[in-house]
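Please read the structure below before turning to the comments.
4 protein chains.
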Amino acid sequence: MIAVLKNTATDSQIQSIVDWIRSVGLDVHISRGEYQTVLGLIGDTAKIDGDLLAGLEVVESVTRISEPFKSANRKFHPDDTIVHVGDTSVGGDIFTFIAGPCSVESEEQLIGIAREVKRLGATMLRGGAFKPRTSPYDFQGLKAEGIDLLVEAKKETGLPIVTEIMNANHLPLFEDVDVIQVGARNMQNFELLKELGKTRKPILLKRGLANTMKEWLMSAEYIMAGGNENVILCERGIRTFETYTRNTLDLSAVSVLKELTHLPVIVDPSHATGVARYVKPMAYAAAACGAAGLMIEVHNDPKHALCDGPQSLTPEQFGEVAQGVARILEVARA
Amino acid sequence: MIAVLKNTATDSQIQSIVDWIRSVGLDVHISRGEYQTVLGLIGDTAKIDGDLLAGLEVVESVTRISEPFKSANRKFHPDDTIVHVGDTSVGGDIFTFIAGPCSVESEEQLIGIAREVKRLGATMLRGGAFKPRTSPYDFQGLKAEGIDLLVEAKKETGLPIVTEIMNANHLPLFEDVDVIQVGARNMQNFELLKELGKTRKPILLKRGLANTMKEWLMSAEYIMAGGNENVILCERGIRTFETYTRNTLDLSAVSVLKELTHLPVIVDPSHATGVARYVKPMAYAAAACGAAGLMIEVHNDPKHALCDGPQSLTPEQFGEVAQGVARILEVARA
Amino acid sequence: MIAVLKNTATDSQIQSIVDWIRSVGLDVHISRGEYQTVLGLIGDTAKIDGDLLAGLEVVESVTRISEPFKSANRKFHPDDTIVHVGDTSVGGDIFTFIAGPCSVESEEQLIGIAREVKRLGATMLRGGAFKPRTSPYDFQGLKAEGIDLLVEAKKETGLPIVTEIMNANHLPLFEDVDVIQVGARNMQNFELLKELGKTRKPILLKRGLANTMKEWLMSAEYIMAGGNENVILCERGIRTFETYTRNTLDLSAVSVLKELTHLPVIVDPSHATGVARYVKPMAYAAAACGAAGLMIEVHNDPKHALCDGPQSLTPEQFGEVAQGVARILEVARA
Amino acid sequence: MIAVLKNTATDSQIQSIVDWIRSVGLDVHISRGEYQTVLGLIGDTAKIDGDLLAGLEVVESVTRISEPFKSANRKFHPDDTIVHVGDTSVGGDIFTFIAGPCSVESEEQLIGIAREVKRLGATMLRGGAFKPRTSPYDFQGLKAEGIDLLVEAKKETGLPIVTEIMNANHLPLFEDVDVIQVGARNMQNFELLKELGKTRKPILLKRGLANTMKEWLMSAEYIMAGGNENVILCERGIRTFETYTRNTLDLSAVSVLKELTHLPVIVDPSHATGVARYVKPMAYAAAACGAAGLMIEVHNDPKHALCDGPQSLTPEQFGEVAQGVARILEVARA
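In order, the protein sequence lines correspond to chains A, B, C and D.
Quick note on numbering that gives the first Met the number 0: the first sequence kicks off at 0 and runs consecutively.
Quick note on numbering that gives the first Met the number 0: the second sequence kicks off at 0 and runs consecutively.
Quick note on numbering that gives the first Met the number 0: the third sequence kicks off at 0 and runs consecutively.
Quick note on numbering that gives the first Met the number 0: the fourth sequence kicks off at 0 and runs consecutively.
Right, here's the structure in full:
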């Protein structure tokens, strides 16, 4: 941690701040520049609240040079994490294809889609049971009944199931769910993250609408600090000024995160773009740049889907994407 | 609601979509343009999922012309809402001054500050008991004990108290809290909002980091749809590319919201800027442009505050701000 | 164009606005809704200033349903534009590889790099002669001398040359330049665009830092309105809140633009990320999602480059990227 | 300047980088931490290209601790700059009121408005002669004829005139213009800025759509580096995700810039919000937080203005704003 002092700092002020830093067990190197004095704090700077330091009158700025995330940090855990989910896994050699409808609507719909996507290459089934909707007047999902249908589809097809949680009190309902998803709007719902840290279920943590990668990794850290290391990150687009797409898919995040963390990163092109015909090119791009998998909305009848229809593929379209992605991977993973 | 059809739409496709819209009880006006056909949907378009309509193959775009928020909408409720809190209120003639420390640290600290800010013009006391922190390793607040101290400070000074909730399960602890705050990171924690809708406590709803005013009002709508109309909006800065301030305070939101909604809007210049010396000018600006009140961090010893020290004012500085604001109001409210 | 009137609009106000619209030669369809009246303007609405209409007291909002760009619009020009550059082209079957140093530094440097990148697959040579720098104290390029060196490198290698213009007065210096680049900061320098519209040189138009795709196409329109249809679009990342990458590369723009326009779109992963080791994955992703080409910074000695060193590849690294991209294209263009 | 080295840096690598830094005439302090080594560069670090340093293989990050702007920096010029314009000035005790139409339309219009706004408190007259428009098909201004009309209005009323330049070649036309405006889209048109630096005319430099305050000051620096110290900064809103206002007015920029620079900062609430009825509250807010002046669009007949009508005030409305602002200033400047 580096603290730059104001050029008005007196010797006794500098001494007093140095003494204080040493009193919490850190060492300090002092660089006196022509215009400004710079303190380098040595030791476990996690003990120091950077904001507090920055608040001292003589301090101009504080820069933290070691990343604040530890469990998620590749520096301390160089090997890729592989998250095991039933007979499959995320983060290893298998490329993960999570497919399924935005919302679980009925047994017939869900099992129909599940069978189709399995046949066409999906390794997991997704489906929304609890739906976060901007408006209280929109369809909020089938809830517990939706989870029951997912579990049934899993029995029928053998596909592990992924569904979103919005309330830690619902955890008992998720006992047979294989991967618990945390949606973008709850990425910084720290109370929920802490509860998920107490489980050992794989958690699929979506990036928040306007969250930096650092904040995202800190949210992963909330889960991991509780002892649950099974975290999968999912890039799903960020909010920008552009309006032709619902969000702006940040594929460079895949490259950056591969350096910063050992956790697997998958990509959701359906929510990112909000437009079915952009899903294929963005899926190809995600595979090409090293994503560990894809999460794609598939509906047997997108026109009549209860939510997010316009961004859903038909099973046939999903099959095409899966085939193309497999061929892209032969090059990208070579 | 306006649906613009693609110029490839055939007559039978147009007829089929018109029939479908009529089947859900709406009327349709059809405008055939030189290049494109436009459908105007008449009636209670809340019955229609705009995304679903937009997903139909022949539809190019859908524009909702009536706002999706109802309870919060000034069109249906022209008079300003006044939220009553103890002997004071938010939204009426009284200008609200909520002051207090970022975190409750000790009885001595809190009661000391409470007495000071009351003397200097505060109408309510704030203090964080449950603290949302980006890092799981940072101080998370005194929790229940913090609320006990706030209640004690209220007994001592008579000031109503405001504190943040992060988990609906904690609601029983908030029985003696006068105003429950929902923080920016939980603005779209819909499960929490629904639970708060079941209470009749005043809710101070902060704007999310990267949420539009429309989304913010939809979150208010979640609370109001449950029957709780006591919602206070609090602008606290949005995320932009600028880095000199922590967030970018959007004061034009005060003007826009006064048109869109009857709910009172207050401003938090402390979190918006993250810098104590910008609090006074932004407080003046907020008062000048019509805010119903201010929420300001005050600490007896900002240098040693456990969190957010750099943005806290001393009680003396708060007193100065309160006096200046009072004089600005004489002009702005004239 | 759709104009939604306020619900306070009287019949005579509505009549007056309808008369005015008809007076400029347009037809109007009137939809009277339960709450609001909507006017659909039929005909060449380019005659109407939407802002002016929106400014009328009884108008609540105006939505333009036909895109404001014409020459660049795929609706009126369904076939892909192919921009011919020397013996090569942009936008057809050839995948364009523009490679070269950020800045032209010396004859030896430039010709060395030019030979290498040609051998490794580049189809054009880039090099900055006039450099836009945020600081007036940074190296501003070799200027005219830099262009002379580029022309020499072209003679040596046969590669067409691409370089940036910052001032229309410099146009005479660009006589032997094959493609004139307009940088992000000048994307809305309309005076420069108009001058370039008078030439028949291919123009490589970079997306502005914070410009929407619509604004970008309108800037292309400025060039095309002058009669120069040889416009190549180049996505180079947009400004967001994320700080791990210099900009956020918006690859979905490639997909969106392929629908909206017939102009070719290439991608610059070097400037977008600002980090050499992210160039390869982003180049793969760009090829996978349908870009017509790539513009990549290559330097023989990136550590000692005069500007933007950290984002430059070595020629060897460029060769690897070019080979991988070629194999990705076999799948993506299949 | 601080360079943090990677923890893989060997002693000989560290020595080699230290030698290199010393070779350009700087001193280096070395702090060896538990995990990382940090170099503090002492001396005139403007000699070093930070990007180049960051590009070295062993360097993890580089932080510049002294601001890159010099002429504009308050550290080296503590007193407020006062820009003299005819008989008035910007930045001193006089609060500047620049008022007038978006576009100059006719002699009658302009002189009518000029007389009105002068009577109601304006200290300068603005009017667009050359208009930057997103679309090449929109009205581009009266150009030279518009400037002639402004000069006539100045003769009639004595008000100094402010108008925008888009092309340095037009400078001869601006001889009788008192303040030359650089619009947001040209804030980083460095070639234009350099030419303006050669004049001694006051320059009103608007903030770019998505530019940080640091970049803005660097653009001021381009003008000042040429010897022209008469720069006035104008905050006019930045681009964010919010759509209810055209831009998001960043009033905290006024406070931040007062610390960073000695140049005067004025505010343009008309362009920032794009809505006439938000101009008054934002003008009040700007005055309350310390702006040196306001630039406000005024039109005698906003409904029929040729551009930007919806954001124009009538002269009467401007008069009200001017009176209110004067009273706000009595408090804010006390």
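We treat Cβ as the ideally placed atom computed from N, Cα and C, and that holds for glycine.
Quantities reported herein were computed from a predicted structural model and do not represent experimental measurements.
Look at the beta carbons and you see the segment 212-221 of chain D touching the segment 66-78 of chain D: at least three pairs across the two are nearer than 8 angstroms. For Asp137(A), the chain B residues whose C-beta falls within less than 8 angstroms of its own C-beta are Asp48, listed in chain order. Against chain A, a Cβ distance below 7 angstroms from Leu208(B) picks out Ala209. When CB distances to chain B are screened at a threshold of 8 angstroms, the residues of the segment 153-165 of chain A falling below it are Met165, in chain order. Listed along chain D is no residue with a C-beta nearer than 9 angstroms to that of Val181(A); the closest approach is about 22 angstroms.
A Cβ-Cβ separation of about 4 angstroms places Pro159(A) in contact with Gly85(A) under the 8 angstroms criterion.
Annotated as proximal: Ala209(B) and Ala209(A), with beta-carbon spacing under 8 angstroms.
Contact annotation: Cys101(D) and Ser311(D) have beta-carbon atoms nearer than 8 angstroms. If you draw a straight line from the Cα of Gly236(B) to the Cα of Thr239(D), it is about 12 angstroms long. Apart from the 5 residues on each side of it in sequence, His28(B) sits with its Cβ closer than 6 angstroms to the Cβ of Gly39 in its chain, given in chain order. With respect to chain C, the C-beta atom of Pro280(A) has a partner C-beta closer than 8 angstroms. The closest CA to that of Thr162(B), considering only Thr156(B), Met123(B) and Lys154(B), is found on Met123(B). For Met294(D), there is no enclosing alpha helix (DSSP H); the enclosing beta strand (DSSP E) has its first and last residue at Gly292 to Glu296.
Pro77(C) counts as exposed, since fewer than 16 other beta carbons sit within 10 angstroms of its beta carbon.
Beyond the five residues adjoining it in sequence on each side, Val266(B) comes within less than 6 angstroms, by CB distance, of Glu234, Ala285, Ala290 and Leu293 in the same chain, given in chain order. Contact note: Phe173(C) does not reach chain A at a C-beta cutoff of 9 angstroms; the least C-beta distance is about 31 angstroms.
Pairing Ala167(D) with Glu190(D) gives a Cβ-Cβ distance under 8 angstroms. Put simply, the segment 130-145 of chain A does not touch the segment 318-332 of chain A. Fewer than three CB pairs are less than 8 angstroms apart. Within chain A, no residue has its beta carbon less than 9 angstroms from that of Gly24(D); the closest one is some 12 angstroms off.
Annotation for Ile93(D): Thr87 and Thr122 place their beta carbon closer than 7 angstroms to its own, counting only its chain and skipping 5 residues before and after. Listed in chain order, the non-local C-beta contacts of Asn227(A) below 8 angstroms within the same chain comprise Leu195, Gly196, Lys197, Thr198, Arg199, Lys200 and Ile202, local neighbours out to five positions each way being set aside. Taken through DSSP and simplified to helix, strand or coil, Glu190(D) comes out as helix. Residue state for Asp10(A) is assigned as helix, using DSSP reduced to three classes. Contacts with chain D at 8 angstroms (Cβ-Cβ) do not include Phe68(A). In the DSSP annotation of this structure, the continuous segment of the alpha helix (DSSP H) that includes Lys257(D) starts and ends at Ser251 to Leu259.
Minimum Cα-Cα distance from Ala143(C) among the listed residues Ala128(C), Thr242(C), Gly157(C) and Glu155(C) corresponds to Ala128(C). Ile146(A) and Asp26(B) have their C-alpha atoms some 37 angstroms from each other.
For Met165(C), there is no enclosing alpha helix (DSSP H), as DSSP marks it with neither H nor E.
Against chain C, the beta carbon of Ala271(D) has no neighbour under 7 angstroms; the closest one sits roughly 15 angstroms away. The residue among Lys205(B), Val103(B), Phe96(B) and Tyr221(B) with its C-alpha nearest the C-alpha of Gln139(A) is Tyr221(B). Arg332(C) and Thr95(C) have their C-alpha atoms some 14 angstroms from each other. Of the residues Arg206(C), Asn246(C), Asp175(C) and Ala2(C), the one whose Cα lies closest to the Cα of Asn188(C) is Arg206(C). By the Cβ-count criterion, Lys153(B) is buried, with 16 or more other Cβ atoms from all chains shown falling within 10 Å of its own Cβ. Residue contact with chain B for Leu232(D): absent (no Cβ-Cβ distance below 8 angstroms to any residue of chain B).
DSSP places Ile93(A) outside both helix and strand once states are collapsed to three, so it counts as coil. Per DSSP, the continuous beta strand (DSSP E) segment holding Gln180(D) begins and ends at Val178 to Val181.
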